[in-house]
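Asks: Dumping the structure here so I can ask a few things about it.
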Amino acid sequence: MAIALKLRNEDALQRYIHELFRPGSPSYHHFLSAKESIATYAPTQQQAQAVVDYLTGHGFTHVRIAPNRLVISADGTVGAARNAFRTEIAHYTRDGHSGIANTTDIQIPASLSGEVDHVLGLQTLNRMHTFSVTRSAYQRSASGNPAYAPQEYATVYHAGDTPTGTGTTVGLIGWGNMSNPVSDLSSMEQSQGLAAVPTSIESTSTDSSNDDSEQLEWAMDSQAIVGISGGVRNLIFYTTGLNYVQDPTTGNWSSQGANNSELLRAINLAVSDNTAKVINMSWGLAECRGSAGFADSAFQLGVAQGQTFVAATGDNGAYPCSNSNGSAPENGHYSDIDTRSVNYPASSPYVVAVGGTTLNTSSSDVYISESTWPYSGGGISSSESTPSWQPSSYPYRELPDLAFDADPDTGILLYLTQSSSSGIQQTQFGGNSYGGTSLSAPLFVGAWARLETANRNGMGFAAPAIYSYSSTFPFHDVTTGNNGYYSAGTGWDNATGWGSFDIQAVNDFITRTPGFVSATNPSSR
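Printed below as a string of structure tokens:
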């Protein structure tokens, strides 16, 4: 389990973040170091220790405090959780998955109410889903568009003479075994004549190496990032442990993917590490499943440090509650057409939310247009407030912010290692094409890494600048199609946000726009 602690001086932190991105402010783009953010806004050691003492006093073991003191992790029995949080916990089966969940609201001692923000891990039914979709690369749709090798996206979105991303460290957050995706990235680079990108794996758990069921996802993330960026300084695979559930009848334990307690630890590792400037998250869970907000404090610290977290909006259009497995609905039909929602963490005000398009190019990969991919996630949050940088007539966060290629019929070709547990039968480059907003998000991450490198890693959280300069920013405005409820139109919309962009045109725009990047913050982290 994990306990997220409340930020210290959170109101002051929100004001500081606002000033970070207000042109003309003395604090404009003066990002904090990890040491500075901990000293000013993280919980104190005394506050963290009070929670540790409470957990150990109620039978929890292996209690650990994160370096920035924002997350406390612990191991414990169901009985210990019942006693510590005065709740009942029962076994359930839902959507074909068995797990446990608390049946009554948890209770926090009054003495800790000022410290504890979220208690995570008492239920194992709601687990995060990746957002990838597979199609045969050689059974093309009526559009006739090809699938793209990773590096072709640099041509499609016109990187031009924008520098590669080799001055910027990038991260991706996932779970399970990352050894095959790292190896596959190397094989892709060799097969396509690309320079090798340095990689590293940072794990929050010792059990993350036992599951490779999502290796397709992490392979797509890494190969898309490297392809469109032309290479990055270092690609960090932040991985976490798995959600194990014991069958009450047989007593057997089985992996059920990752839940929010495990992923919070990985997110916070990227924040406390403060090495990656742009971090990809190609997964999420519908807000109707009670998923929202658990990592917002960590994201806020990341924004203050100049990091950009990016999340895929999902592959169920405006109806992510309709299909619990996080994949596109069969035959274009939604099972619960009346329940509109959005996925978290894409709905966080401190994350860039990336939706999906269908891409149309010439035979030489020259960009022609994009339309809304029908399954692209987008809508209005029911719990996350509208951020200060997003004009809205609603009190809640709207998404997506941007949209890039997601249609598997115009998707990416990957190098994948055959794996029986993941269902992958491919052992070479090509064979199938892949899409989903799990492609859109890393495409933006790689594109933004190029722009960060070109501008000395001085831009920080991407969303405020994109919205502030939206009237003149060189977007590819997507004006056709819909996601099952919201239609694309001129300007921003809930189907594709502002659309995608021409990388070279954006870099030229930044160069000729005084104040877009602060000249006094030449960070090279």
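In this text, residue positions in the sequence shown follow our numbering: the first is -10, and each later residue adds one. Think of the CB as a built atom: it goes at the ideal place given N, C-alpha and C, for glycine as much as any other residue.
(1) Kindly confirm or deny that the segment -9 to 4 and the segment 100 to 108 touch, where touching means at least three C-beta pairs closer than 8 Å.
(2) Mind checking which residues open and close the alpha helix (DSSP H) that includes Trp437?
(3) Kindly indicate which three-state DSSP category His118 falls into: helix, strand or coil?
(4) Need the endpoints of the alpha helix (DSSP H) that Val292 sits in, please.
(5) Assuming contact is defined by CB atoms lying nearer than 8 Å, are Val495 and Gly447 in contact in what I supplied?
(6) Return the first residue and the last residue of the beta strand (DSSP E) that Met167 is part of.
(7) Helix, strand or coil: which one does DSSP assign to Glu373?
(8) Please classify Val331: does DSSP put it in a helix, a strand, or coil?
(9) Is there contact between the segment 21 to 28 and the segment 287 to 295, where contact requires at least three CB pairs shorter than 8 Å?
(10) According to the Cβ coordinates, are Phe288 and Val343 closer than 8 Å?
(11) With a cut-off of 8 Å on the beta carbons, I'd call Glu276 and Ser372 a contact; round off their distance for me.
(12) Since Thr479 contacts Thr361 with CB under 8 Å, what's their CB separation in whole angstroms?
(13) Quick one: Cα of Leu440 to Cα of Ile6, how far?
(14) Using C-beta distances below 7 Å, list every residue in its chain close to Thr350, excluding the 5 sequence neighbours before and after it, in chain order.
(15) How about Thr158 and Val221: are their beta carbons less than 8 Å apart?
(16) What does the alpha-carbon distance come out to for the pair Ala454 and Ile89?
(17) Among Thr406, Arg11, Gly273 and Leu388, which has the Cα closest to the Cα of Tyr475?
(18) Looking at Ser422: is its Cβ nearer than 8 Å to the Cβ of Met209?
(19) State yes or no: is the C-beta of Val299 within less than 8 Å of the C-beta of Phe120?
(20) Got a sec? Which residues, its chain only, sit under 6 Å from Pro431 by beta carbon, not counting five neighbours each side?
(21) What number of angstroms, rounded off, separates the C-alpha of Leu252 from the C-alpha of Ile162?
(22) Going by DSSP in three states, Ile27 sits in which element: helix, strand or coil?
(23) What span of residues does the alpha helix (DSSP H) with Tyr308 cover, start to end?
(24) Count the other CB atoms, across all protein chains shown, that sit within 10 Å of the CB of Arg(-3); report buried if there are 16 or more and exposed otherwise.
(25) Please give me, in chain order, every unbroken run of the beta strand (DSSP E) with length at least 3 that falls completely inside the segment -5 to 81.
(26) With DSSP run on the structure shown, which of helix, strand or coil describes Tyr423?
(27) Run through DSSP, which three-state label would Glu141 get?
(28) What does DSSP give as the partner residues of Val343 in its beta bridges?
(29) Report all residues from its chain with a CB closer than 6 Å to the CB of Ala184; omit the five preceding and five following residues, and keep chain order.
(30) Please return the same chain residues whose Cβ sits closer than 6 Å to the Cβ of Ser130, not counting the five positions on each side in sequence.
(31) Distance, Cα to Cα, Arg254 vs Ala69?
Replies: Considering the structure as presented:
(1) Three or more beta-carbon pairs drawn from the segment -9 to 4 and the segment 100 to 108 are found closer than 8 Å, and the two stretches are therefore classed as touching.
(2) In the sequence shown, residue 437 corresponds to position 448, counting from 1. Thr426 to Ala443 is the span of the alpha helix (DSSP H), which, as asked, contains Trp437.
(3) Working through the sequence shown from its first residue, we reach residue 118 at position 129. Looking at His118 - three-state DSSP - the assignment turns out to be strand.
(4) On the sequence shown, position 303 is the one that residue 292 refers to. Going by DSSP, Val292 is part of the alpha helix (DSSP H) stretching over Asp285 to Ala293.
(5) The count along the sequence shown starts at 1 and reaches residue 495 at position 506. The count along the sequence shown starts at 1 and reaches residue 447 at position 458. No, the pair does not count as a contact, with Cβ atoms beyond the cut-off.
(6) Counting from 1 along the sequence shown, the entry for residue 167 is found at position 178. Segment: none, Met167 is in no beta strand (DSSP E) and carries neither H nor E.
(7) Taking the sequence shown and counting its residues from 1, the one referred to as residue 373 is at position 384. In this structure, Glu373 counts as strand in the three-state DSSP scheme.
(8) On the sequence shown, position 342 is the one that residue 331 refers to. If DSSP states are grouped into helix, strand and coil, Val331 belongs with coil.
(9) Judged by Cβ distances under 8 Å, the segment 21 to 28 makes contact with the segment 287 to 295, as three or more pairs qualify.
(10) Along the sequence shown, read from residue 1 onward, the residue named residue 288 stands at position 299. Along the sequence shown, read from residue 1 onward, the residue named residue 343 stands at position 354. Not closer than 8 Å, so no.
(11) Position 287 of the sequence shown, counting from 1, holds the residue named residue 276. Position 383 of the sequence shown, counting from 1, holds the residue named residue 372. Their Cβ separation, rounded to whole angstroms, is 6 Å, which keeps Glu276 and Ser372 in contact under 8 Å.
(12) Numbered from 1 along the sequence shown, position 490 holds the residue referred to as residue 479. Numbered from 1 along the sequence shown, position 372 holds the residue referred to as residue 361. Here Thr479 is actually not in contact with Thr361; their C-beta atoms are around 13 Å apart, not less than 8 Å.
(13) If you number the sequence shown from 1, residue 440 lands on position 451. If you number the sequence shown from 1, residue 6 lands on position 17. C-alpha separation (whole angstroms): 21 Å.
(14) Position 361 of the sequence shown, counted from the first residue, corresponds to residue 350. Same-chain partners within the cutoff: Asn134, Val145, Tyr356 and Ile357.
(15) Counting from 1 along the sequence shown, the entry for residue 158 is found at position 169. Counting from 1 along the sequence shown, the entry for residue 221 is found at position 232. Taking 8 Å as the cut-off, the beta carbon of Thr158 is found closer than this to the beta carbon of Val221.
(16) Sequence index remark: in the sequence shown, residue 454 carries index 465 (1-based). Sequence index remark: in the sequence shown, residue 89 carries index 100 (1-based). Rounded to whole angstroms, Ala454 to Ile89 spans 43 Å at the Cα level.
(17) Taking the first residue of the sequence shown as 1, we reach residue 475 at position 486. Checked all of Thr406, Arg11, Gly273 and Leu388; the closest Cα to Tyr475 is Leu388.
(18) In the sequence shown, counting from the first residue as 1, residue 422 sits at position 433. In the sequence shown, counting from the first residue as 1, residue 209 sits at position 220. At a Cβ-Cβ threshold of 8 Å, Ser422 and Met209 do not count as neighbours.
(19) Within the sequence shown, the letter at position 310 stands for residue 299. Within the sequence shown, the letter at position 131 stands for residue 120. No; because the gap between Cβ atoms is not below 8 Å, this pair is not in contact.
(20) Translated into the one-based positions of the sequence shown, residue 431 becomes position 442. So the qualifying residues of the chain are Asp210, Ala213, Ile214 and Asn269.
(21) What you label residue 252 is simply residue 263 of the sequence shown in a count that begins at 1. What you label residue 162 is simply residue 173 of the sequence shown in a count that begins at 1. Computed Cα separation, rounded: 8 Å.
(22) As a position in the sequence shown, residue 27 is number 38, starting the count at 1. The answer is helix: DSSP assigns Ile27 an H, G or I state.
(23) For the purposes of this step, residue 308 is taken as the residue at position 319 of the sequence shown. According to the DSSP assignment, Tyr308 belongs to no alpha helix (DSSP H), since it is labelled neither H nor E.
(24) Looking up residue -3 in the sequence shown gives position 8. With 16 or more other Cβ atoms inside 10 Å of its own Cβ, Arg(-3) counts as buried.
(25) When DSSP assignments are scanned along the segment -5 to 81, the uninterrupted stretches of beta strand (DSSP E) that are 3 or more residues long and fall wholly within it turn out to be 50 to 54 and 60 to 64.
(26) As a working mapping, residue 423 is identified with position 434 in the sequence shown. It is a strand residue.
(27) As a working mapping, residue 141 is identified with position 152 in the sequence shown. Here Glu141 sits in helix by DSSP.
(28) By 1-based counting over the sequence shown, the position of residue 343 is 354. In DSSP, Val343 forms a bridge with Ala301 and Leu391.
(29) In the sequence shown, residue 184 corresponds to position 195, counting from 1. So the list reads Gly220, once near-sequence residues are dropped.
(30) Position 141 of the sequence shown holds residue 130. A caution first: Ser130 carries a pLDDT of 42, below 50, which makes its placement in the model too unreliable to give a value.
(31) Residue mapping note: residue 254 aligns to position 265 of the sequence shown, counting from 1. Residue mapping note: residue 69 aligns to position 80 of the sequence shown, counting from 1. For the pair Arg254 and Ala69, the Cα-to-Cα distance works out to about 21 Å.
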